[in-house]
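Engineer:
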Amino acid sequence: MSSSAANTLSTFITSKPGEAITSVAPQASQVPATSTGLQSSQSHNSTIPNSTSTAVAQKSNAGLSGGSVAGVAIGMLLAGMLIAGGVFFFLSRRQKKKRAASAAYEMQRAPYNAATASPEKGPTVVGSAVASSFEDLLPQPVADDTITGEVSKIRDNIKNHARTYYHSMPVPAVSIHEPGLRDLATAAGVSASVLSTALSNPSTRQDALRLVLAWVVLSRATGQRDASLLPADLSRLANLIPGRNDINTAHSTLYSKWKTITGALLQQRLGKNAQDPSRAQAFASAITELDSVLAPFVQGSVDSQRRKNLDMILTRTANFAFMLFSQPGSFYLDFSSGYGGLVAFPALVQTIGDQGQVLRPSRVLIEKEVAA
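Using the numbering used here, the letters of the sequence shown map in sequence onto residues 1293 to 1664.
1) Nearest to residue 1587 by CA position, among 1468, 1437, 1637, is which residue?
2) Would you mind reading off the limits of the beta strand (DSSP E) that contains residue 1505?
3) Under a three-way DSSP split, which group does residue 1642 fall into?
4) When we look at the beta-carbon of residue 1426 and count the other beta-carbons within 10 Å, is it buried (16 or more) or exposed?
5) Taking just the CA atoms, how far does residue 1429 sit from residue 1585?
6) If distances are taken between C-alpha atoms only, which option among 1525, 1449, 1460, 1531 comes closest to residue 1517?
7) Is the region 1455–1472 close to the region 1649–1659, with three or more CB pairs under 8 Å?
8) Measure how close the beta-carbons of residue 1509 and residue 1578 come, nearest whole angstrom, since I'm counting them as under 8 Å.
9) For residue 1528, which option in 1574, 1483, 1473 has the closest C-alpha, if you only look at C-alpha atoms?
10) I believe residue 1637 touches residue 1502 by the beta-carbon criterion, under 8 Å. Please report the beta-carbon distance rounded to the nearest angstrom.
11) Would you call residue 1451 buried or exposed, if buried means 16 or more other Cβ atoms sit within 10 Å of its Cβ?
12) Going along the chain, which residues of its own chain have a beta-carbon closer than 6 Å to the beta-carbon of residue 1498, five neighbours each way excluded?
13) Distance, Cα to Cα, residue 1641 vs residue 1660?
14) On the criterion of 16 or more Cβ atoms from any shown chain inside 10 Å, does residue 1456 qualify as buried, or is it exposed?
15) DSSP state of residue 1433, grouped into three classes?
16) According to DSSP, simplified to helix, strand and coil, what is residue 1636?
17) Name the residue from 1569, 1504, 1541, 1560 whose alpha carbon lies nearest to the alpha carbon of residue 1525.
18) Would you grab the beta carbon distance between residue 1665 and residue 1620 for me? Rounded to a whole angstrom, and I think it's under 8 Å.
19) Looking at residue 1506 and residue 1669, is the spacing between their C-beta atoms short of 9 Å?
20) How many Å lie between residue 1622 and residue 1595 at the Cα?
21) So is residue 1375 buried or exposed if we call it buried at 16+ other beta carbons inside 10 Å?
22) In whole angstroms, give me the CA-to-CA distance for residue 1645 and residue 1545.
23) With distance defined between alpha-carbon atoms, name the residue in 1441, 1458, 1435, 1608 nearest to residue 1593.
24) If residue 1233 and residue 1541 are in contact, beta carbons under 8 Å, what's the gap, nearest whole angstrom?
25) Assign residue 1435 to one of two classes, buried (16 or more other C-beta atoms within 10 Å of its C-beta) or exposed (fewer than that).
26) Could you tell me how far apart the beta carbons of residue 1446 and residue 1608 are, in whole angstroms, since I believe they sit closer than 8 Å?
27) Looking only at C-alpha atoms, which of 1490, 1602, 1543 sits nearest to residue 1460?
28) Relative to the C-alpha of residue 1449, which residue among 1474, 1617, 1477, 1598 is closest?
29) Report yes if the CB atom of residue 1618 is closer than 9 Å to the CB atom of residue 1554, and no otherwise.
30) Suppose you measure from the CA of residue 1494 to the CA of residue 1432; what does that come to, to the nearest Å?
31) CA-CA distance, residue 1605 and residue 1580?
32) Going by C-alpha distance, which of 1472, 1482, 1463, 1462 is nearest residue 1629?
33) Look at the alpha carbon of residue 1543 and the alpha carbon of residue 1635, and state the distance between them as a whole number of angstroms.
34) Just reading off the beta strand (DSSP E) that residue 1671 is part of, what are its end residues?
Okay, structure coming up:
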């Protein structure tokens, strides 16, 4: 084997796998040849590997360049997909939050504004939306007819009570406990002796009895006295507020809102037909005050029924007291006699309106009944 052939074989063995085919080119070296032919073959062989190596190098460079481009393209594609996914997730999340907030707001307002809701108007200002929702939660004021209807029932109950459980026989004025009449005398604008005389006279007794009963019972329903038919805790708290009948509009508005909110929160516990543990004590106090004045006129044989009837009247009046307290407006009973003589039943007057505004002049819901 010639040295040229050996070199070729050595090159073949030591070449890389990708270069094996190009390296085994000179098969002519295996054929016997003359020296001239061998030289020609060697010259030819030395020429072929040079051109082949150049082609392989160009091919290798081209392959690397194409792979790099493909890798960059794939990377950019993945990056673009990630960015697009992130943007989509962010926008989708914001949209869901907006829809959830809008749905929650509509659910909150739907029960209260179903009749007046306007699709064009939305909660443009958070403060106004909260204020509007707060106002919607407050109960509406009861109708005037409801208030006057309750007062009329109490008036009729008192009239029947006076006719049924008290006698018409003469009673000396000196046997009447005048100190028990002082508060009523002040409210009526007369002296206690005038009231005592009206009670002792059988011809005027019925109207005087009605006046005393109305004062003791109804004055406990409107906050005109410290004694109250409201629950004890609520009565004490209400009495702590100064200037409840203040003509200052700001103060009256705040007091109006406080009453309405408190009444709404306590409705389930203290509303109509609710049992209040402090009522028994309040009823006993009212009956004791009545007995201190009316004891000389009671028919002894029906006293137990009289007390039961008084308990019924006081229960109705206590419910009425809580209803009045829960209203945004404020009311009082006018017992003043004026120039027409004693009243048999007071007038019901509203001094603060349903918006918390001071009423000038005041509204008279029930006219006073003057004694005959």
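Think of the CB as a built atom: it goes at the ideal place given N, C-alpha and C, for glycine as much as any other residue.
Structural biologist: Here's the rundown:
1) Sorting 1468, 1437, 1637 by C-alpha distance to the C-alpha of residue 1587 places 1468 at the top.
2) Counting along the chain, residue 1505 falls outside any beta strand (DSSP E), though it belongs to the alpha helix (DSSP H) covering 1494–1510.
3) Note: residue 1642 maps to strand in three-state DSSP.
4) Taking a 10 Å sphere around the C-beta of residue 1426, we find fewer than 16 other C-beta atoms and assign the residue as exposed.
5) For residue 1585 and residue 1429, the distance between alpha carbons rounds to 46 Å.
6) When the alpha-carbon of residue 1517 is set against those of 1525, 1449, 1460, 1531, the nearest one is in 1531.
7) The region 1455–1472 is not in contact with the region 1649–1659.
8) Indeed they touch by this definition, with Cβ atoms about 6 Å apart.
9) Selected option, being the one with the closest Cα: 1574.
10) That belief holds up - the Cβ atoms of residue 1637 and residue 1502 are roughly 6 Å apart, short of 8 Å.
11) Residue 1451 should be labelled buried.
12) Only 1454 meet the Cβ criterion.
13) Distance between the alpha carbons of residue 1641 and residue 1660 is about 10 Å.
14) Around the beta carbon of residue 1456, fewer than 16 other beta carbons sit within 10 angstroms, so the residue counts as exposed.
15) Coil at residue 1433, not helix or strand.
16) Reduced to three states, the DSSP call for residue 1636 is strand.
17) The candidate whose alpha carbon is nearest that of residue 1525 is 1569.
18) Only positions 1293 to 1664 of the chain appear in this structure, which leaves residue 1665 out of reach.
19) It is not possible to answer for residue 1669, since the shown part of the chain is limited to 1293 through 1664.
20) Taking the straight line from one Cα to the other gives about 36 Å.
21) Taking every protein chain shown into account, the CB of residue 1375 has fewer than 16 other CB atoms within 10 angstroms, so this residue is exposed.
22) Straight-line Cα distance between these residues: approximately 9 Å.
23) Ranking 1441, 1458, 1435, 1608 by Cα distance to residue 1593 puts 1458 first.
24) Outside the shown range of the chain (1293 to 1664) lies residue 1233, about which nothing can therefore be said.
25) Exposed, since its Cβ has fewer than 16 Cβ neighbours within 10 Å.
26) Yes, residue 1446 and residue 1608 are in contact; Cβ-Cβ is about 6 Å, under 8 Å.
27) Ranking 1490, 1602, 1543 by CA distance to the CA of residue 1460 puts 1490 first.
28) The residue with the shortest Cα to Cα distance from residue 1449 is 1598.
29) Yes; because the gap between Cβ atoms is below 9 Å, this pair is in contact.
30) In a straight line, the C-alpha of residue 1494 is about 46 Å away from that of residue 1432.
31) Approximately 15 Å, taken between the alpha carbons.
32) The residue with the shortest Cα to Cα distance from residue 1629 is 1482.
33) If you take the alpha carbons of residue 1543 and residue 1635, they lie about 32 Å apart.
34) The displayed coordinates of the chain run from 1293 to 1664. Any statement about residue 1671 would go beyond what the structure contains.
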